[in-house]
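Protein chains in written order, with the working numbering: chain A, 1 to 173; chain B, 174 to 373.
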């Protein structure tokens with residue numbers, strides 16, 4: 001048995017030093033014997049040194065408190081759904097409007113769906129805001145009641161939707 | 174009285190049953206799992222990162238991550254395998270974050286002195302009891318030596334030899350083959366033997 005294979009056996013399982021073939025090699029090879037002694041000592045040192053740290057007494061309660069704060073909802077938040085819906089619908093409206101300007105569509109409209117808000121309107125305008133990355137969509141929600149939506153100036157829709165009324169494909173503006 | 178009976182019943186549950194109980198709304202099950210693994214996990218992460226305070230944070234992160242994703246746990250492998258895998262990933266992220274930031278830890282300073290052959294090798298004290306290093310010094314030298322191993326050897330060694338996982342579990346935690354685990358541990362032990370010359 002070669003030194004290399006004996007050492008592999010020993011590092012895999014120290015009890016293999018009691019195997020007949022390994023024991024015979026160790027009787028004759030002082031280098032491997034010395035290595036075996038060191039491995040036994042290393043194992044003892046690791047076992048006696050490990051696990052020396054104990055977590056502080058407040059660790060468990062802090063972990064539980066943090067979990068309680070961060071507990072996931074089974075469903076996406078309504079706010080997120082509402083924002084996504086708003087962005088999508090407004091974008092639909094914007095595209096609708098642009099198509100109207102090019103004469104492809106005769107109708108124009110803006111559809112908004114949000115938490116406590118759902119309506120459609122054909123009375124709106126898009127104007128730049130003070131920040132370049134946002135635009136303002138000014139909508140006449142009801143006669144005399146104006147709503148201003150601040151939206152990202154670039155909206156991407158990666159999904160393609162085709163309906164009877166409009167066609168959106170990878171829109172950004 | 175009834176509460177303590179329920180608590181006793183929960184305490185006797187296995188890990189997988191505790192995860193199931195937690196998913197059914199039993200908060201005590203989570204507490205039991207934290208109690209069961211908190212010290213082991215902190216020592217494991219500390220064995221890799223050598224930063225006890227940071228290890229506490231990462232241990233907490235691991236528990237939070239586990240329980241936020243508990244519904245994804247399929248029980249195919251042991252719960253501990255999953256927990257260690259998450260902790261391993263967090264510890265590796267921490268090491269890499271340090272590398273990127275170039276943070277200068279005391280541990281790295283020690284590492285510089287340890288690189289290559291020690292300039293003043295410790296005497297071989299095995300046969301002179303009066304000069305034997307005390308257990309604390311030996312443990313410190315071991316910690317430094319383990320820390321100076323490269324990431325792949327360190328992770329395999331700490332999981333198998335320090336944490337006491339089986340070869341199969343270590344292989345699953347690190348997502349490497351059994352043969353690779355064995356060869357890494359072999360190499361790690363041979364390197365540690367060199368680094369701890371005079372201590373062993």
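Idealized CB from N, CA, C, for every residue including glycine. All values derive from a computational prediction rather than experimental measurement.
(message) Using 8 Å as the threshold, is the C-beta distance between residue 215 of chain B and residue 202 of chain B below it?
(response) Locating residue 215 of chain B in the second chain gives position 42, where the first residue counts as 1. Locating residue 202 of chain B in the second chain gives position 29, where the first residue counts as 1. In this structure, residue 202 of chain B does not lie closer than 8 Å to residue 215 of chain B by Cβ.
Discussion item. Under 8 Å, Cβ to Cβ, is there at least one residue of chain D near residue 60 of chain A?
Written reply: The question asks about chain D, but that chain is absent: this structure's protein chains are A and B.
Discussion item. Quick check on residue 372 of chain B: does DSSP put it in helix, strand or coil?
Written reply: Mapped onto the second chain, residue 372 of chain B falls at position 199. DSSP places residue 372 of chain B in coil when its eight states are reduced to three.
Q) How would you label residue 35 of chain A, buried or exposed, when you count the other beta carbons within 10 angstroms and need 16 or more for buried? A) Mapped onto the first chain, residue 35 of chain A falls at position 35. So residue 35 of chain A counts as buried.
| request: Please report the residue range of the alpha helix (DSSP H) in which residue 219 of chain B lies. | output: The residue you call residue 219 of chain B lines up with position 46 of the second chain. Note, residue 219 of chain B: alpha helix (DSSP H), 200-222.
**Message:** Helix, strand or coil for residue 145 of chain A? Go by DSSP, reduced to three states.
**Reply:** Within the first chain, the letter at position 145 stands for residue 145 of chain A. The answer is strand: DSSP assigns residue 145 of chain A an E or B state.
Measure the C-alpha to C-alpha separation of residue 152 of chain A and residue 128 of chain A and round it to an integer number of angstroms.
-> Taking the first chain and counting its residues from 1, one reaches residue 152 of chain A at position 152. Taking the first chain and counting its residues from 1, one reaches residue 128 of chain A at position 128. About 10 Å.
_Against residue 48 of chain A, what residues of chain B qualify as contacts under a CB-to-CB distance less than 8 Å, listed in chain order?_
Start at 1 with the first residue of the first chain, and residue 48 of chain A comes out as number 48. Per Cβ cutoff of 8 Å: 308, 312.
Exercise. Could you tell me whether the Cβ of residue 54 of chain A comes closer than 8 Å to any Cβ of chain B?
Key: Within the first chain, the letter at position 54 stands for residue 54 of chain A. Yes, residue 54 of chain A lies at the interface with chain B (some Cβ there is under 8 Å from its Cβ).
Margin query: Please identify the residue among B:357, B:362, B:324, B:253 whose C-alpha is closest to the C-alpha of residue 211 of chain B.
Written below: Here the question's residue 211 of chain B lines up with position 38 in the second chain. Comparing Cα-Cα distances from residue 211 of chain B to each of B:357, B:362, B:324, B:253, the minimum goes to B:253.
Q. How is residue 151 of chain A classed by DSSP in three states: helix, strand or coil?
A. Locating residue 151 of chain A in the first chain gives position 151, counting from the first residue. Strand at residue 151 of chain A.
Report task. Please name the residue in B:343, B:204, B:235 whose C-alpha comes closest to that of residue 218 of chain B. Result -> The count along the second chain starts at 1 and reaches residue 218 of chain B at position 45. Its Cα nearest to that of residue 218 of chain B, the residue B:235 stands out among B:343, B:204, B:235.
- Query: Cβ atoms of residue 331 of chain B and residue 187 of chain B: under 8 Å apart, would you say?
  - Reply: Locating residue 187 of chain B in the second chain gives position 14, counting from the first residue. Locating residue 331 of chain B in the second chain gives position 158, counting from the first residue. For residue 187 of chain B and residue 331 of chain B, no; Cβs fall outside 8 Å.
Under a three-way DSSP split, which group does residue 126 of chain A fall into? Within the first chain, the letter at position 126 stands for residue 126 of chain A. Here residue 126 of chain A sits in strand by DSSP.
Run the CB neighbour count on residue 320 of chain B, radius 10 Å, all protein chains shown included, and call it buried at 16 or more, exposed below.
-> By one-based count along the second chain, residue 320 of chain B stands at place 147. The residue is buried, with at least 16 neighbouring Cβ atoms inside 10 Å.
task: Ignore the nearest five residues each way along the sequence and tell me which others in residue 250 of chain B's own chain have a CB closer than 7 Å to its CB.
output: One-based indexing of the second chain puts residue 250 of chain B at position 77. The beta carbon of residue 250 of chain B sits closer than 7 Å to the beta carbons of 345 from its chain, once the five residues preceding and following it are set aside; these are given in chain order.
Taking any Cβ of chain A, which residues in the segment 222-235 of chain B have a Cβ under 8 Å from it, in chain order? Correct list: 225, 228, 229, 232, 233.
Nearest residue (CA-CA) to residue 267 of chain B, options B:340, B:315, B:237, B:223:
In the second chain, residue 267 of chain B corresponds to position 94, counting from 1. The residue from B:340, B:315, B:237, B:223 with its alpha-carbon nearest to that of residue 267 of chain B is B:223.
**Item:** Touching by the beta-carbon criterion (3+ pairs, under 8 Å), the segment 9-23 of chain A and the segment 355-362 of chain B
**Value:** Because the criterion of three Cβ pairs below 8 Å is met, the segment 9-23 of chain A and the segment 355-362 of chain B touch.
task = Establish whether the CB of residue 123 of chain A and some CB of chain B are separated by less than 8 Å.
result = The residue labelled residue 123 of chain A in the question sits at position 123 within the first chain. No, residue 123 of chain A lies away from the interface with chain B (no Cβ there is under 8 Å from its Cβ).
Straight-line Cα distance separating residue 318 of chain B from residue 369 of chain B | Walking along the second chain from the start, residue 369 of chain B turns up at place 196. Walking along the second chain from the start, residue 318 of chain B turns up at place 145. Cα-Cα distance, rounded: 7 Å.
Discussion item. At the level of alpha carbons, what is the spacing between residue 309 of chain B and residue 258 of chain B?
Written reply: Along the second chain, read from residue 1 onward, the residue named residue 309 of chain B stands at position 136. Along the second chain, read from residue 1 onward, the residue named residue 258 of chain B stands at position 85. Between residue 309 of chain B and residue 258 of chain B, the C-alpha separation is close to 30 Å.
Since residue 196 of chain B contacts residue 260 of chain B with CB under 8 Å, what's their CB separation in whole angstroms?
-> The sequence position of residue 196 of chain B within the second chain is 23, counting from 1. The sequence position of residue 260 of chain B within the second chain is 87, counting from 1. That belief does not hold up - the Cβ atoms of residue 196 of chain B and residue 260 of chain B are roughly 21 Å apart, past 8 Å.
| task | Would you kindly report the start and end of the unbroken alpha helix (DSSP H) that includes residue 315 of chain B? | result | Taking the first residue of the second chain as position 1, residue 315 of chain B is located at position 142. That run of the alpha helix (DSSP H) goes 308-320.
Quiz item: Using a Cβ-Cβ cut-off of 8 Å (strictly less than) and excluding sequence neighbours within five positions of residue 29 of chain A, which residues of its own chain qualify?
Solution: As a position in the first chain, residue 29 of chain A is number 29, starting the count at 1. For residue 29 of chain A, where only same-chain residues beyond five positions count, the Cβ hits under 8 Å are 3, 6.
Counting only beta-carbon atoms, is residue 17 of chain A nearer than 8 Å to chain B?
In the first chain, residue 17 of chain A corresponds to position 17, counting from 1. For residue 17 of chain A, the closest Cβ of chain B is not nearer than 8 Å.
- Message: Whole angstroms are fine: how far does the CA of residue 32 of chain A sit from the CA of residue 17 of chain A?
- Response: Stepping through the first chain from its first residue, residue 17 of chain A is reached at position 17. Stepping through the first chain from its first residue, residue 32 of chain A is reached at position 32. Annotation: residue 17 of chain A to residue 32 of chain A spans about 10 Å, alpha carbon to alpha carbon.
Verify whether the separation of the beta carbon atoms of residue 63 of chain A and residue 354 of chain B is less than 8 Å. Taking the first residue of the first chain as position 1, residue 63 of chain A is located at position 63. Taking the first residue of the second chain as position 1, residue 354 of chain B is located at position 181. Contact: no.
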